[in-house]
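**Q** First the structure, then my questions, so here it is.
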Amino acid sequence: MDDFKFEMGDAVVLTLSKEQGDVIGRAEYLDEKNCYYVRYVAADGRQVQCWLDESAIEKRDQ
């Protein structure tokens with residue numbers, strides 16, 4: 001098991017789309033990467049929440 005890279009409430013950006021959001025949940029698994037539940041505003045303006053693995057997000061400059 002690896003330590004979590006992101007903390008609850010961290011401001012993050014999705015690495016490919018550059019959409020911005022916040023970490024609102026975390027999960028760890030025996031055979032998977034750490035995952036984060038992120039709330040963000042999608043490119044079409046909708047508020048979205050979804051699980052993303054650690055490689056799909058990065059910390060946002062504030």
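Per our numbering, the sequence shown starts with residue 1, numbered consecutively.
The C-beta atom is built at its ideal place from N, Cα and C for all residues, glycine as well.
1) If you draw a straight line from the C-alpha of R64 to the C-alpha of Q20, how long is it?
2) Whose C-beta lies closer than 6 Å to the C-beta of I24 among residues of the same chain, with five residues either side of it excluded?
3) Applying the 10 Å Cβ sphere with the 16-neighbour rule, what's the burial state of D44?
4) Between the C-alpha atoms of K33 and E54, what's the straight-line distance to the nearest angstrom?
5) Comparing alpha-carbon positions, which option in D3, L14, E7, F6 lies nearest A56?
6) Does the distance from the C-beta atom of V12 to that of D3 stay below 8 Å?
**A** Looking at the atomic coordinates:
1) Residue 64 falls outside the range modelled here, since the chain spans only 1 to 62, and no answer is possible.
2) For the purposes of this step, residue 24 is identified with residue 24 of the sequence shown, where counting begins at 1. Cβ neighbours of I24 within its own chain (closer than 6 Å, five residues either side excluded): Y37, R39.
3) Your numbering for residue 44 matches position 44 in the sequence shown. By the neighbour-count rule (16 or more Cβ atoms within 10 Å), D44 is not buried but exposed.
4) Residue numbering aside, residue 33 sits at position 33 when the sequence shown is read from its first letter. Residue numbering aside, residue 54 sits at position 54 when the sequence shown is read from its first letter. Taking the straight line joining both Cα atoms gives about 7 Å.
5) Translated into positions along the sequence shown, residue 56 becomes position 56. For the residues D3, L14, E7, F6, the minimum Cα distance to A56 belongs to L14.
6) The residue labelled residue 12 in the question sits at position 12 within the sequence shown. The residue labelled residue 3 in the question sits at position 3 within the sequence shown. No; because the gap between Cβ atoms is not below 8 Å, this pair is not in contact.
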